[in-house]
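Residues in the first sequence are numbered from 0 upward in steps of one, following numbering that gives the first Met the number 0. We put the CB at the ideal spot given by N, CA and C, even for glycine.
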Amino acid sequence: MSIDSRPPTDPASTLDVRFRAAIHAVSSLDADPQIRPSTNPAFGDYQANAAMSLAKVTKGNPRELANALAACVDLTGIAEPAVIAGPGFLNIRLESAFIVAMLSAMDNATLGIEPTKETHAAVVDLCGVNVAKQMHVGHLRATIIGDTIARVFERLGRKVWRENHLGDWGLPIAMTLAALRRSHVDLDQLSLTHLNDAYRRAQLEGRHDDAGLAAARATDAGPHRLFELLAQEESAGEAIKDAKSTLLRLQGGDTEVVAAWQKIIDCTMREVYDSTSTLNAKVTAEHNRGESFFRDRLAPVVDAFLQAGFAKEDKGAIIVPFADRERPLLIRKSDGGFLYATTDLAALRFRTHDLDGSRVIYVVDARQRDHFKDVFDAAALIGWDRTKDGNKSEITHLGFGTVLGKDKRPLKTRSGENFTLKDLLDEAMERGVAEVTRRAEDPHAPTHGMPTADLTRIGRAVGIAAIKYADLSNDLTKDYVFDLDRMVAFEGDTGPYLQYAHARIANILAKSKDSASEIAATPHAVAEPAERALALHLLRYPQMVQDVARTLETNRIGAYLRTLAECFNAFYQSCPVLKSEDTTLRRARLRLCALARHVLQDGLSLYGIDAPERM
RNA sequence: GUCCCGGUAGCUCAGUUGGAUAGAGCAGCGGCCUUCUAAGCCGCAGGUCGAUGGUUCGAAUCCAUCCCGGGACGCCA
């Protein structure tokens with residue numbers, strides 16, 4: 000699928016080529032040699048697992064085939080002769096000289112990552128805030144997961160569009176606007192608290208919706224939906240008329256209403272940018288492209304589907320039916336209004352065609368899975384899943400799990416009293432600063448005597464790292480229980496653990512009397528097992544980044560970095576660096592330290608986590 | 001009712017896409033600092049990988065059927 004080749008500095012790439020040739024020579028097949036890192040260091044560094052599955056195809060004996068491959072494969076200058084084990088595993092131990100050569104090849108600014116050959120853009124839908132609503136912990140996920148995905152593509156040299164698809168248009172906003180106007184709030188003194196109150200009040204005042212109720216009954220919709228609609232019907236009233244007239248004025252370009260609308264957007268976004276900046280997520284004003292941007296493209300969407308014959312009228316509404324399922328996609332309401340599906344179709348077309356995205360990724364709550372399936376399928380019907388030059392785009396809904404409360408029920412904003420994102424970030428930073436300050440009191444601590452401003456900066460970075468790592472290092476698709484104490488833990492498998500490893504390395508390098516040029520001029524060396532293990536893991540970095548771009552599994556970054564930190568800690572334990580009397584050995588170890596620090600910092604940057612020099 | 005997602009140690013989770021003896025962290029117990037940073041390292045203990053059957057050299061991973069939990073299901077986003 001990927002047009003990019005395997006990283007040249009990864010030993011698995013070379014082994015793949017050599018074993019592929021051997022398989023071809025032995026069986027005249029072009030098969031995956033199944034090169035994997037060894038599960039146990041006692042077996043060697045890598046293993047080739049192809050013999051077993053290949054024997055199935057050739058109807059041969061797996062051990063004989065493994066024997067033939069071992070005899071045939073050319074590992075000159077790479078590894079010792081392959082050793083057969085078990086049912087047909089081929090165990091491979093690399094030559095140290097080869098590891099050193101690969102290490103030297105990746106020890107530069109690129110860290111072995113070659114720029115992608117893909118010239119089309121990647122588009123990442125992230126953040127997705129609603130105007131007039133405060134960010135809650137769910138927005139944390141949509142923001143930092145999306146930011147990390149974007150950073151990975153950027154790291155591979157790809158053009159990336161971060162799209163913050165704001166909910167800034169339509170009836171909900173009009174309701175809030177109307178509620179604000181009724182309560183005579185001075186819009187120039189507007190605070191997010193005012194906005195939240197108005198939004199909640201507007202929601203409570205409800206929506207009158209008997210067409211929906213009838214449809215829900217007729218189509219045997221779930222009880223949840225019916226309940227909601229019934230609740231709304233009871234509280235319908237004057238508010239809805241006011242909101243609808245406000246919406247009409249907004250859509251008509253009424254200067255007064257548009258000015259008010261702009262003010263509530265500005266007010267909302269001030270705090271959003273505050274939070275994204277704190278999170279070190281690259282989401283700013285330039286990434287805004289909300290629903291209002293697409294308002295003039297909605298009618299053409301419906302027309303296009305009708306003209307192409309993919310849409311039809313049903314009970315006064317316009318729907319796109321699908322061949323393989325009952326549920327259609329509704330793109331125009333019976334009252335002529337458009338829906339979020341309509342906006343999403345317009346946005347998808349814009350992203351593939353106008354932004355030239357051959358990869359479009361929606362970082363949105365997993366509960367919208369069915370909705371996106373429908374939107375993507377509808378787009379495919381009409382051919383909107385293609386870039387300008389007609390290339391098929393890969394469109395993915397990266398649905399992340401719901402954030403649950405301690406009762407394992409979803410945290411709902413309407414309950415009102417749950418943690419806002421701002422509360423969470425403030426708490427994390429406060430704890431981080433307290434911890435860093437406390438540790439700095441130890442006279443032996445490298446942070447001892449540092450100015451308060453520096454300790455605060457480090458403490459905040461530690462707190463934010465804890466939050467981000469806790470989220471990004473788990474399987475994105477799973478729900479998780481929101482537990483503040485666990486999220487801001489600083490020990491064990493945490494963000495600060497990685498920062499600590501980085502600070503340790505940085506401290507060694509800072510204390511070294513050897514100059515950077517002296518270190519860089521010294522050859523790498525991997526004599527000790529801990530050095531070797533560290534080196535082998537460093538060499539896997541470029542492939543890991545490629546894997547994340549392919550699978551969008553951000554937890555692979557965390558797992559890689561944790562293992563890297565573990566490898567370094569083992570090295571730190573058993574291989575003295577500055578205490579080494581031998582100049583060549585000391586400098587070789589310093590060079591390994593420098594490379595490890597570089598990779599750790601680079602990897603943390605994919606998560607948007609700062610790596611302080613001291614902590 | 002239809003469809004989707006999940007179930008791994010007491011708790012929270014990994015498991016490199018079918019590989020060798022299922023791994024971490026927290027919690028528990030026991031070790032290691034006159035320090036290249038103990039936010040660390042080493043050890044002990046902890047498992048019917050929801051259940052049953054199947055596919056094969058080999059299954060936590062793939063298939064089938066159940067059980068349990070969660071979610072979505074046309075005029076909200």
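Tell me which residue opens and which closes the alpha helix (DSSP H) that H138 is part of. V136 to R154
Kindly indicate which three-state DSSP category D364 falls into: helix, strand or coil? strand
Review point. Candidates R590, A465, Q250 and V547: which alpha carbon is nearest V525's?
Key: R590
- Task: With a threshold of 16 other CB atoms inside 10 Å of the CB of I463, please say whether the residue is buried or exposed.
- Result: buried
Ends of the beta strand (DSSP E) at V319? A316 to F321
Check: Around the C-beta of A620, are 16 or more other C-beta atoms found within 10 angstroms, so that it is buried, or is it exposed?
Finding: This structure gives no information on residue 620, because the portion of the chain shown stretches from 0 to 614.
Which class does Y606 belong to by DSSP, given the choice of helix, strand or coil?
-> coil
For this session: Identify every residue that forms a DSSP beta bridge with D313.
Result: A316
Q.
Which residue wins for smallest C-alpha separation from C592, given the options M428, L537 and V56?
A. L537
Can you tell me the Cβ-Cβ gap for L102 and V128, rounded? I've got them flagged as a contact below 8 Å.
44 Å between Cβ atoms; not a contact.
Drop a sphere of 10 angstroms on the beta-carbon of K578, count the other beta-carbons inside from all chains shown, and report buried for 16 or more, exposed for fewer. exposed
- Item | Whole-angstrom C-beta distance between I360 and L617, which should lie under 8 Å | Outside the shown range of the chain (0 to 614) lies residue 617, about which nothing can therefore be said.
- prompt: So P495 is in the alpha helix (DSSP H); what residue range does that whole segment cover?
  reply: G494 to K510
Check your understanding: Since P36 is in the beta strand (DSSP E), which residue starts that stretch and which ends it?
Key -> I34 to P36
| task | Can you grab the Cα-Cα spacing for the pair F616 / F399, in whole Å? | result | Outside the displayed span of the chain (0 to 614) sits residue 616, for which this structure offers no information.
Q: Could you tell me whether the Cβ atoms of I34 and A69 are closer together than 7 Å?
A: no
Q | Distance, H193 Cα to A610 Cα | A | 38 Å
Count the other CB atoms within 10 Å of the CB of D265; is the residue buried (16 or more) or exposed (fewer)? exposed
request  = Return the first residue and the last residue of the alpha helix (DSSP H) that T521 is part of.
outcome  = Neither: T521 is in no alpha helix (DSSP H) and is coded neither H nor E.
Tell me the DSSP secondary structure of H183 in three-state form.
coil
task: Spatial neighbours of E429 within its chain, please: CB distance less than 8 Å, with the 5 preceding and 5 following residues excluded, ordered by chain position.
output: G462
>> Nearest by alpha-carbon distance to A500: which of P541, A515, Y571 and L475 is it?
In response: Y571
Taking all protein chains shown into account, decide if G607 is buried (16 or more other Cβ within 10 angstroms of its Cβ) or exposed. buried
According to DSSP, is V598 helix, strand or coil? helix
Same chain, Cβ closer than 8 Å to E530, five either side skipped, listed in chain order = A524, F570, C574, R588 and L591
Local Cβ density within 10 Å of T118, reported as buried at 16 or more and exposed below that:
exposed
TODO: Measure the C-alpha to C-alpha separation of L354 and F293 and round it to an integer number of angstroms.
DONE: 14 Å
Per DSSP, the bridge partner or partners of V128: Bridge partners of V128: none, in fact.
**Asked** Whose C-beta lies closer than 7 Å to the C-beta of K391 among residues of the same chain, with five residues either side of it excluded?
**Response** D384 and R385
Could you compute how far the alpha carbon of R150 sits from the alpha carbon of K158?
10 Å
Residues that DSSP places opposite K391 in a beta bridge
R385
Exercise. Touch check for the stretch 174-183 and the stretch 235-254: three-plus C-beta pairs under 8 Å?
Worked result: yes
**Q.** Proximity to S276 [Cα-Cα], best of L475, D146 and D492
**A.** D146
**Proximity of V487 and I457 at Cβ, strictly below 7 Å** = no
Subject >> Whether F18 touches N90 by CB criterion (7 Å) >> reply: no
**Euclidean distance between Cα positions of H138 and Q46** = 42 Å
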